[in-house]
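For the sequence shown, the residue numbers in my numbering are 268 to 428.
No residue lacks a Cβ here, since even glycine has one placed at the ideal position from N, Cα and C.
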Amino acid sequence: MTVSNAPSAYSPMQKRLHWAVVILLALQYLFFDGMGRPFHQLMDGLPAWNTTVVIHLVIGVLVLLAAIWRLALRRSHGVPAEPEGTPERAKLAGKVVHYGIYALLIILPISGSVAWFGKIGTPAEVHEILTNVLLALVAIHVLAALVHQFIWKDNLLLRMK
């Protein structure tokens with residue numbers, strides 16, 4: 268029998284930061300994703316700043332800060348153990364998806380900032396591709412949470428409530 272010091276749930280701050288990032292990403296994707304035209308204007312030396320650009324950049328910085336804070340809390344407070352009965356492959360997949368999301372929440376704001384402020388096309392292309400990878404990982408994350416809750420019925424969602 269293995270004794271674990273893992274918490275039974277995420278800390279209140281971990282939960283707030285999780286849901287804040289969810290809201291920020293939804294806002295970014297749904298309302299402030301129109302950076303293509305302004306970026307091309309910027310690259311052509313034309314005026315490119317508008318409300319969408321400013322909000323997109325602010326949200327990116329907030330996501331970056333929240334991701335770093337979440338990683339610090341993960342290190343200092345730990346995370347709940349996987350529910351009993353979770354298949355080993357699912358545990359491994361969960362770790363890969365979680366760390367992939369964390370990595371992208373850090374890489375995306377950096378690549379976007381380098382592209383915008385450096386007026387460099389390659390980081391902008393990387394930013395666009397990795398945004399799609401992030402969306403795919405988030406979809407996998409949500410699907411896995413639903414599998415835990417409704418198929419395996421292990422109440423995993425309560426840890427983030």
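- Around the Cβ of A391, a 10 Å sphere holds 16 or more other Cβ atoms; the residue is buried.
- In the three-state reduction of the DSSP assignment, Y277 falls in the coil class.
- Distance from the CA of I373 to the CA of I418, rounded to the nearest whole angstrom, comes to 32 angstroms.
- The beta-carbon distance between P376 and L413, rounded to whole angstroms, is 28 angstroms. This is too long to meet the 8 angstroms contact definition.
- When only Cα atoms are considered, V364 and G303 end up about 28 angstroms apart.
- The count of Cβ pairs closer than 8 angstroms, one atom from the stretch 321-337 and one from the stretch 295-302, reaches three, so the stretches are in contact.
- Non-local C-beta neighbours of G379 in its own chain, meaning closer than 7 angstroms and more than five positions away in sequence, comprise G327, H394, ordered along the chain.
- A382 sits in a helix when the DSSP states are folded into three classes.
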